[in-house]
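All residue numbers for the sequence shown refer to this note's numbering, where the first residue is 3 and numbers rise by one.
Heads up, the beta-carbon is just placed ideally off N, CA and C, and yes, glycines get one too.
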Amino acid sequence: MTERWHVPVTSIGEMLRNETAACTPLGIEAGSYTTGGSLVPDWIALKVVESWLAGHDGSFVFDGFPRTIGQAEALEQLLARRNAPLTAVLWLELDREAIEDRVKLRLVCVDCGRTFRVGWQVKETDTACPACHGKLVRRPDDDPVTLAHRMVVYQEHTAPLIEFYETRGLLRRINAGGEADDVFAQIEAAVHSPAPPANAETTLA
Ligand code: AMP
3 MTERWHVPVT SIGEMLRNET AACTPLGIEA GSYTTGGSLV PDWIALKVVE
53 SWLAGHDGSF VFDGFPRTIG QAEALEQLLA RRNAPLTAVL WLELDREAIE
103 DRVKLRLVCV DCGRTFRVGW QVKETDTACP ACHGKLVRRP DDDPVTLAHR
153 MVVYQEHTAP LIEFYETRGL LRRINAGGEA DDVFAQIEAA VHSPAPPANA
203 ETTLA
């Protein structure tokens, strides 16, 4: 996205992991939630987002934010103050088995934060990031037990956002089951197309 659209893409989870690695007071507080797979309280997520927005003008993509109705409402107010409403909200749909599979095969670079999939961009035995040669590791929250908890948290706190954004005509459904190029093509089309008519879909959740 950054290469094609020349806009920053920022992951709140990654910013929180960086804060935790740097042992800042916010990072230490956030770490107790992130490693266990729970959402950090809204005030922490919003603090991270607000400080990021303060340093950036123009367009951007948030990855993993908002994840609660409270965050979504706060974001609406923040963006209204900037006179920059949301263009689209991308909902990447993937079935449970595929999510488990991807998490099992996910490696992250501790230096640049890029994510790789074993078998696609890297081999099981690779320890260096193909992009920056940083160290590749598994995320501490990518174990099966924590993932199961994250799925429960998602249903309870994040799934209600589907209706929230559908009502506002902003929701774009993306079938995330394919390879990266296919998913990206759908994202490009979705971002540049108007919302489907409100009655085009029936149930989403
Ligand atoms: P992610 O890298 O997006 O998978 O996020 C990793 C972890 O960071 C999540 O399991 C949460 O603990 C925390 N996190 C990321 N984004 C948010 C958010 N918008 N609200 C609350 N917690 C978040």
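Please name the residue in Ala-24, Ala-23, Arg-84 and Ile-71 whose C-alpha comes closest to that of Glu-52.
Locating residue 52 in the sequence shown gives position 50, counting from the first residue. Glu-52 has its Cα closest to that of Arg-84, out of Ala-24, Ala-23, Arg-84 and Ile-71.
Over what stretch of residues does the alpha helix (DSSP H) that includes Thr-148 continue unbroken?
In the sequence shown, residue 148 corresponds to position 146, counting from 1. Element bounds for Thr-148: 146-155.
Three-state secondary structure (DSSP) at Phe-62?
On the sequence shown, residue 62 is found 60 positions in, with the first residue counted as 1. It is coil, neither helix nor strand.
Using the Cα positions of Pro-27 and Gly-33, report the straight-line distance between them to the nearest angstrom.
By one-based count along the sequence shown, residue 27 stands at place 25. By one-based count along the sequence shown, residue 33 stands at place 31. Using only the alpha carbons, I get a separation of about 10 Å.
Between which two residues does the beta strand (DSSP E) holding Trp-122 run?
Within the sequence shown, the letter at position 120 stands for residue 122. It is not in any beta strand (DSSP E) - Trp-122 carries neither H nor E in the DSSP assignment.
Taking the alpha carbon of Ile-189 as the reference point, which residue from Pro-87, Phe-64 and Leu-94 has its own alpha carbon closest?
Within the sequence shown, numbered from 1, the residue matching residue 189 stands at position 187. The option with the nearest alpha carbon to Ile-189 is Leu-94.
Spatial neighbours of Phe-166 within its chain, please: CB distance less than 7 Å, with the 5 preceding and 5 following residues excluded, ordered by chain position.
Here residue 166 corresponds to residue number 164 of the sequence shown, with the count starting at 1. Cβ neighbours of Phe-166 beyond the five flanking positions: Ile-71 and Ala-74.
Is there contact here, the stretch 38-50 with the stretch 97-106, by at least three beta-carbon pairs under 8 Å?
Contact between the stretch 38-50 and the stretch 97-106 is absent, because fewer than three Cβ pairs lie under 8 Å.
If you count every other CB in all the chains shown that lies within 10 Å of the CB of Ile-30, and 16 or more means buried, which is it?
Mapped onto the sequence shown, residue 30 falls at position 28. Label assigned to Ile-30: exposed.
Tell me, which residues are paired with Cys-111 by DSSP?
Within the sequence shown, residue 111 is the residue found at index 109, counting from 1. In DSSP, Cys-111 forms a bridge with Leu-138.
Have a look at Val-147 and Glu-16 and give me their C-alpha separation to the nearest angstrom.
By one-based count along the sequence shown, residue 147 stands at place 145. By one-based count along the sequence shown, residue 16 stands at place 14. Between Val-147 and Glu-16, the C-alpha separation is close to 21 Å.
Based on Cα-Cα distance, which residue from Val-112, Leu-149 and Glu-21 lies nearest to Cys-134?
Taking the sequence shown and counting its residues from 1, one reaches residue 134 at position 132. The shortest Cα separation from Cys-134 among Val-112, Leu-149 and Glu-21 belongs to Val-112.
Counting C-beta neighbours from all protein chains within 10 Å, is the total for Arg-152 16 or more, i.e. buried, or is it exposed?
The count along the sequence shown starts at 1 and reaches residue 152 at position 150. That one is buried.
Going straight from the alpha carbon of Val-120 to that of Arg-141, what length do you get?
Residue 120 sits at position 118 when you count from the first residue of the sequence shown. Residue 141 sits at position 139 when you count from the first residue of the sequence shown. Computed Cα separation, rounded: 14 Å.
Terminal residues of the continuous alpha helix (DSSP H) containing Leu-80?
For the purposes of this step, residue 80 is taken as the residue at position 78 of the sequence shown. Looking at the DSSP string, the run of the alpha helix (DSSP H) that includes Leu-80 is 71-83.
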